[in-house]
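Residue numbers (our numbering), protein chains in the order written: chain A, 3 to 344; chain B, 3 to 344.
What follows is a set of notes on a single structure, which appears directly below.
2 protein chains.
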Amino acid sequence: MTNLTLALDAMGGDHGPHVTVPASMQALSLYPSLNFILVGDESLISPLIANYPADLLSRIEIIHTTEVVSMSDRPVHALRSRKQSSMRIVLELVRDGKADACVSAGNTGALMTMAKVLLKTLPGVDRPALVSALPAMNDKPVYLLDLGANVSCDSETLFQFAVMGSVLCEVVTKQTSPKVALLNVGVEEIKGNDQVQQAAQYLLDTPQLNYTGYIEGDEIYNGDVDVIVCDGFVGNITLKTSEGIARLLISQIQHSLTQGFFVRLMAKLIAPRIKAGLNQMNPDHYNGASLIGLRGIVVKSHGNADQTAYLQAISLAITEAQRRLPEMIKDRLESILLDINN
Amino acid sequence: MTNLTLALDAMGGDHGPHVTVPASMQALSLYPSLNFILVGDESLISPLIANYPADLLSRIEIIHTTEVVSMSDRPVHALRSRKQSSMRIVLELVRDGKADACVSAGNTGALMTMAKVLLKTLPGVDRPALVSALPAMNDKPVYLLDLGANVSCDSETLFQFAVMGSVLCEVVTKQTSPKVALLNVGVEEIKGNDQVQQAAQYLLDTPQLNYTGYIEGDEIYNGDVDVIVCDGFVGNITLKTSEGIARLLISQIQHSLTQGFFVRLMAKLIAPRIKAGLNQMNPDHYNGASLIGLRGIVVKSHGNADQTAYLQAISLAITEAQRRLPEMIKDRLESILLDINN
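In structure tokens, the structure reads:
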């Protein structure tokens, strides 16, 4: 790969540098052309990197700051007052072309608001969207957006999300004309609210996208479609509900397998198998949501990500940077919008 | 229990009389004071009851009709054209006081539209809601509404749903002042859309309800609250997403336990335990959604319910009839609305 520089909000997330720093060192050894700018409290970061070999350390720059965006900061407050925060600095590094992408595990609302103001949206994009790849049947990812960046969306915004989601899926998974669906309460034409029905009309009028129609909640993880579009209210609740029920089911199965000596023994013997079955859908085992529609790459990690999960967020940022995601979305969106206007 | 008569849409659902008739016979032997009016094609129903003892048969009446509402009938079409349908007749039996409640596994949209027109809403209720008890942690049910009867809801409708859901939970589970929450994209006051925020304000101003604030998708199944309110778009997708991911997870675990002779053998030995863990969250093992806010009791069964699942829908109708649910909701709603207006 060509030389890439990622800016990392080293302070973000529940575990701060204790997760972000080891994950970045692991990424450096996996990707020889990768460089990091770690932004955060140098007195916390330095001891964590002291024992790594010199060739890895030569690819790290630390920008020291002690200011952080807290989880309880309101977005507008963070924007106005946290001017020296690690979160803001990584966004500025992307804006100024000093980093190819940034990753943060901090306050989502603040990250979105700051990113929109500092990086600006692409031409033709009214609002950035938060999107993530969820694990569906047969190890296929399904891209769901918006995940909460926009609680209410008009039909045009949903349409833009469909275009952006489709391009993201193409760019990351390298499949051509991914199947795009709208999340709805039924598959019949008459179902849903005005926004969804109007967005469906726009999509039916856009042959450049492989729009397949409505999809219901129980089909999200079927693997039948590649991109699913909804407003941020629905998307956020859908994602979190999925995570909640997966965790509950996993805990109940684990609980049922610890009752009684014989059951416990047998369960232990086949534990790796049970674990494999459970982990596939375990929300703690995938990570990394992208803020798309911006003029720069911003990846949001789960706040509670461990080192392995955080490394996945870093890998996602690398993939998007290598494939120049914002330019791809911009070009594709322009060509579609141009076609529509002609 | 006092004598109760249920009207059953014997034709509704994927399996029609082959499920509804045996389930009703089973219910008759479980509940000695129960009577059924089975509405549907007598030539299909009669052979299915021929071998049951006379004392059960004496508690069955059959109303013959061959017209059915199909799954593809639009609600308004069903209302206008399916005047002799089994679905319409059971609703008329409730309206005319000839049955204490009705159960149908047919077309949900048609059932709602017909029920609203034939039974009418209670005073103070603008729109009926579809509600179901979902299995949460510690075998506690959590009531989620609306499940799709109303795709868009203003804040007042959400407020009415909260009142109705709370009364339903009190009546069915016999717990006092159940905890009521609004489903939202965050727990902070500033989160969500206008409808949810305004509904929260109404609920904060209503001390008669035990309103506990916002709840996120991953907390639905925690067992921390008893009633969760959202619009029908969000509720339908939340319910179906839960069902989809539960089925996927169950199938993946089952699949992982059939790979390799040793694993298969061990898994077989502890199969009942694994099954118990899986079944608890399996959407195929609970059944019965109530249309509430009407002047009569209407229970909707899953279309694909088997005999056991359909029996659960019948049991739910019995509980609601015994406890006079519509009157309870009416009284409670009146007293709350009166308090608010004073």
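Note that the Cβ used here is the ideal one computed from N, Cα and C, for glycine as well.
Computed from a predicted model, the values in this text were never measured in an experiment.
Within chain A, the residues V187 have their CB atoms less than 7 Å from the CB of G150(B), given in chain order.
Counting along the chain, L30(A) sits inside the alpha helix (DSSP H) bounded by residues 19 to 32. Secondary structure of E63(B) (DSSP, three-state): strand. Secondary-structure assignment with DSSP links K176(A) through no beta bridge to anything. The C-alpha of Q162(A) lies about 47 Å from the C-alpha of L313(B). Annotation for T7(B): the continuous beta strand (DSSP E) segment containing it runs 6 to 11. Taking a Cβ-Cβ cut-off of 7 Å, the neighbours of M268(A) in chain B comprise M268, L271, I272, given in sequence order. By a beta-carbon distance limit of 8 Å, G298(B) does not contact A131(B). Their separation comes to about 15 Å.
Per DSSP, P125(B) has no beta bridge partner at all. P143(B) carries a strand assignment under DSSP once its states are collapsed to helix, strand and coil. Secondary structure at L327(A): helix, using DSSP grouped into helix, strand and coil.
Contact between L8(A) and D98(A) is ruled out by a C-beta separation of about 14 Å, above the 8 Å threshold. Its Cα nearest to that of Y145(B), the residue C232(B) stands out among L95(B), C232(B), Q199(B). When the beta-carbon positions are compared, V236(A) and L211(A) stay at least 8 Å from each other. In the three-state DSSP reduction, L250(A) falls in the helix class (H, G or I).
Secondary structure note for K270(A): its alpha helix (DSSP H) is the uninterrupted segment 263 to 271. 8 Å or more divides the Cβ of V96(B) from the Cβ of M330(B). From the listed residues L184(B), T175(B), A319(B), M139(B), the smallest Cα separation to E158(B) is found for L184(B).
Annotation: the continuous alpha helix (DSSP H) that includes A202(B) extends over 196 to 206. Listed along the chain, the chain A residues whose CB falls inside 9 Å of the CB of L59(B) amount to none; the nearest CB is some 39 Å away. Residue range 77 to 83 is occupied by the alpha helix (DSSP H) that includes S83(B). A Cβ-Cβ separation of about 5 Å places N140(B) in contact with G225(B) under the 8 Å criterion. Per DSSP, G298(A) has no beta bridge partner at all. In this structure, M73(B) keeps its C-beta atom at 8 Å or more from the C-beta atom of D43(B). Taking 8 Å as the cut-off, the Cβ atoms of S134(A) and D11(A) do not count as close.
In this chain, S87(A) is not harboured by any alpha helix (DSSP H), its DSSP state being neither H nor E. The three-state reading of DSSP puts I217(A) in strand, counting E and B together.
The stretch 194 to 208 of chain B and the stretch 107 to 127 of chain B do not touch, with fewer than 3 CB-CB distances between them shorter than 8 Å.
Taking a contact to require three or more Cβ pairs closer than 8 Å, the stretch 25 to 45 of chain B and the stretch 64 to 84 of chain B qualify as touching. For S48(B), the uninterrupted alpha helix (DSSP H) segment begins and ends at 44 to 51.
Listed by position along chain A, the residues whose Cβ is nearer than 9 Å to that of N289(B) form an empty set, because the closest Cβ is around 15 Å away. Shortest Cα-Cα distance from S83(A) to any of V71(A), L93(A), I192(A), D333(A) involves V71(A).
Residue nearest to K118(B) within the set A138(B), E94(B), K100(B), L136(B) is E94(B) (criterion: CA-CA distance). Straight across, the Cα-Cα distance linking G234(A) with R129(A) is about 11 Å. Among the residues facing chain B, R82(A) is not included, as its CB has no counterpart in that chain under 8 Å away. Short of 7 Å from the beta carbon of I91(A), and not among the five residues preceding or following it, lie these beta carbons of its own chain, in chain order: V41, I65, T67.
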